[in-house]
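Top to bottom, those sequences are chains A and B.
Each residue of the first sequence is one higher than the one before, starting from 1 at the first, in the working numbering.
Each residue of the second sequence is one higher than the one before, starting from 1001 at the first, in the working numbering.
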Amino acid sequence: MSTLVSRSLCELAQLVNAGKASCREVTEAFLDRSDQLEGRLGAFVSLRREEALREAEDADRLRARGEVRSRWHGLPLAVKEILVSPNLETTCGSRILRGFRAPYEATVLGRVREAGMVVIGTTNMDEFAMGSSCENSAHGVTANPWDLSRVPGGSSGGSAAAVAAREVPVALGTDTGGSIRQPAALCGVVGLKPTYGRVSRYGLVAFASSLDQVGPIARTVEDAASLLGVIAGHDPRDSTSMDVGVPDYAAALDDPPTGLRVGIPREFVAEDGADPEVLERMHDAVRVLEAKGAKTVEVSLPHTPYGVAAYYLICTAEASSNLSRYDGVKYGFRSEAATLDEMYKRSRSEGFGAEVKRRILLGTFVLSAGYYDAYYRKAQQVRTLIRQDFQRAFENCDVIATPTSPGPAWPLGERVNDPLKMYLSDVFTVTVNLAGLPALSVPCGFTSAGLPLGLQLIAPPLEEPRLLAVGHTYQRETDWHQAAPEL
Amino acid sequence: MRINADTVLRLADLARLSLSADEVERMRRDLEAMLDYVEKLSEIDTSDVAATAHVLDIATPFRADRVADLLPVAEAVRNAPQHDDSSIIVPKVIE
Chain A
1 MSTLVSRSLC ELAQLVNAGK ASCREVTEAF LDRSDQLEGR LGAFVSLRRE
51 EALREAEDAD RLRARGEVRS RWHGLPLAVK EILVSPNLET TCGSRILRGF
101 RAPYEATVLG RVREAGMVVI GTTNMDEFAM GSSCENSAHG VTANPWDLSR
151 VPGGSSGGSA AAVAAREVPV ALGTDTGGSI RQPAALCGVV GLKPTYGRVS
201 RYGLVAFASS LDQVGPIART VEDAASLLGV IAGHDPRDST SMDVGVPDYA
251 AALDDPPTGL RVGIPREFVA EDGADPEVLE RMHDAVRVLE AKGAKTVEVS
301 LPHTPYGVAA YYLICTAEAS SNLSRYDGVK YGFRSEAATL DEMYKRSRSE
351 GFGAEVKRRI LLGTFVLSAG YYDAYYRKAQ QVRTLIRQDF QRAFENCDVI
401 ATPTSPGPAW PLGERVNDPL KMYLSDVFTV TVNLAGLPAL SVPCGFTSAG
451 LPLGLQLIAP PLEEPRLLAV GHTYQRETDW HQAAPEL
Chain B
1001 MRINADTVLR LADLARLSLS ADEVERMRRD LEAMLDYVEK LSEIDTSDVA
1051 ATAHVLDIAT PFRADRVADL LPVAEAVRNA PQHDDSSIIV PKVIE
């Protein structure tokens, strides 16, 4: 293994900026590593070897002339296969979008390109980001680098696995109910879901529009802060994008919060869902912060036990509406039929996988006449209560700490036939999306079987700098993020 | 809540999906399990609670009504499974 691939994005930037490595050498090292591992891992849907090397060489030439677009100019990243660009095929892990190449570019990919970063490939995901295990993809499953017989988590499982395996230093994921944080936790890397509206959704294929958000997956909090700085900011093409300035996230890291109050939600700890080992690691992590001057306070989020129910009613309702656009007419897969209606039905039935159909049907049910008030409206009201829980809790603390996931990575295939059990694994992450808050998952140790676990830190809206500073403080005191899976 | 096969077929028709007999039974079972689970929301009294459709407190932004970059027609139809230079081709809609 080339030593380059064990470096973080910030370390690689230092090497390249000091002339100790070229962008081409760096990009090639990660591509070689990916070629060597992909047969076993399946984290990527596509690798752009030739284009990426050409772009890296261009970056070297420009850098030599002093035309440096950013510190990250010429450095590699991977992109979840749900962000569109004319340069990439975007299928969202679905047969129904086979061959789709958008005529326009997602805003986040435009920002990454303007920073001069090199997309080395697109990463695997659960179909349309619906899943917690990366097993619902038309491109096959992705394995967890720490144990190839286990899931990497989902839906951004490909991005998390690729970063954990040192196939790429950083990657973009998307998070609707935990899809960045949970795979980051299960693969032992860092994942950040920004505040809803912090990052543009233009060119992010919609699953549940009121919940979806793009964010970074990295090995260090510092790298996550760097990538967030590249992608965050107002976009007139996304009407839900917030018109507020972007702070210097990297600078915030060196400003560790004093007198930090860490809220521990009573309900999360008392929930019967979490493994004892998971709770122990979380408390160990909080003790590390206490040793650095933090105080812990008990807080209450009484509607947490209703989070999964409210989330699955809202996200399926939004998904059933968003996914009505896949009809075999405008793009993707078409199954020929004599009538238009039959063509819609055949294309959708042959194009979508089982989990997507299940969610479309549930969403159609909760939005249908006679059930709307009892299910969809009720879930939206509970969403209000969940938001208020957080608002009240943040009156007494600065960040909230929980486990990211109730347990470590589970064996491939274990939950594919039990959707409810799969949904319940999202219990600690979904309420954050319902409330639109930023949250960070940081590696916080391993189970006795050697599987990674994550600590989730949640903050009030737009307090990413605080989250990143706390996460960075934690990583300076621990070395969990330095551990590499044996591959 | 009990869900029968007719309900699944009606939902499938609304969502423009056709399901095999096996799929109908599997979806029926999964929908029923999910609806039983979400029944726990009825434990909460929400009679005085406003619904949250969206977390952001933002108004619809307006922009000037100006002609900007237009997607060329040939580009717009390029992804359609069947198309010519300017149109998407579908099965006959009007007899």
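The beta carbon of each residue, even a glycine, is placed where N, CA and C say it ideally should be.
Since the model is a prediction, treat every value here as computed from it, not as a measurement.
query	result
Burial state of residue 381/A (16 or more Cβ within 10 Å)	buried
3 or more residues per run - each beta strand (DSSP E) lying fully within the region 50 to 135 of chain A	76 to 80 and 118 to 123
Chain-ordered neighbours of residue 357/A on chain B, where CB pairs are closer than 9 Å	1012, 1015, 1017, 1019, 1023 and 1027
Burial state of residue 1081/B (16 or more Cβ within 10 Å)	buried
Three-state secondary structure (DSSP) of residue 315/A	helix
Short Cβ contact (8 Å threshold) for residue 159/A with residue 217/A	yes
Residue-chain proximity (residue 1067/B, chain A), Cβ-Cβ < 8 Å	no
Residues near residue 432/A in its chain [Cβ-Cβ closer than 6 Å; skip 5 each side]	439 and 458
Partner residues on chain A for residue 1079/B, Cβ-Cβ distance less than 9 Å	99, 100, 101, 102, 103, 330, 331 and 332
Residue range of the beta strand (DSSP E) that includes residue 265/A	261 to 265
Opening and closing residue of the beta strand (DSSP E) in which residue 46/A lies	44 to 47
DSSP beta-bridge partners of residue 508/A	The structure shown does not extend to residue 508/A, since chain A is modelled only from 1 to 487, so the question has no answer here.
Three-pair Cβ contact test at 8 Å for the region 35 to 46 of chain A versus the region 116 to 123 of chain A	yes
Distance, residue 128/A Cα to residue 3/A Cα	35 Å
Any C-beta of chain A under 8 Å from that of residue 1005/B	no
Minimum C-alpha distance to residue 140/A - residue among 85/A, 92/A, 276/A and 228/A	92/A
Through-space distance from residue 87/A to residue 113/A, alpha-carbon basis	11 Å
Where residue 444/A sits in the DSSP three-state scheme	strand
Where residue 382/A meets chain B, residues with beta-carbon distance less than 7 Å	1041, 1044 and 1046
is_contact[residue 1009/B, chain A] using C-beta, thresh 8 Å	no
Residue 524/A versus residue 97/A - alpha carbon distance	Absent from the model: residue 524/A. The displayed extent of chain A is 1 to 487, so no value can be given.
Contact test: residue 402/A Cβ vs the ligand MN heavy atom, cutoff 7 Å	Judged by which ligands are present, the structure shown has none, so any question about the ligand MN falls away.
Chain B contact for residue 420/A (CB, 8 Å cutoff)	yes
Residue 1092/B in three-state terms, based on DSSP	coil
Identified DSSP bridge partners for residue 35/A	Residue 35/A is not bridged to any residue.
Start-end ranges of the alpha helix (DSSP H) lying completely within the region 151 to 200 of chain A, minimum 4 residues	157 to 164 and 181 to 187
Interface residues of chain B facing residue 360/A [CB-CB closer than 8 Å]	1015 and 1017
CB contact check: residue 194/A to chain B, cutoff 8 Å	no
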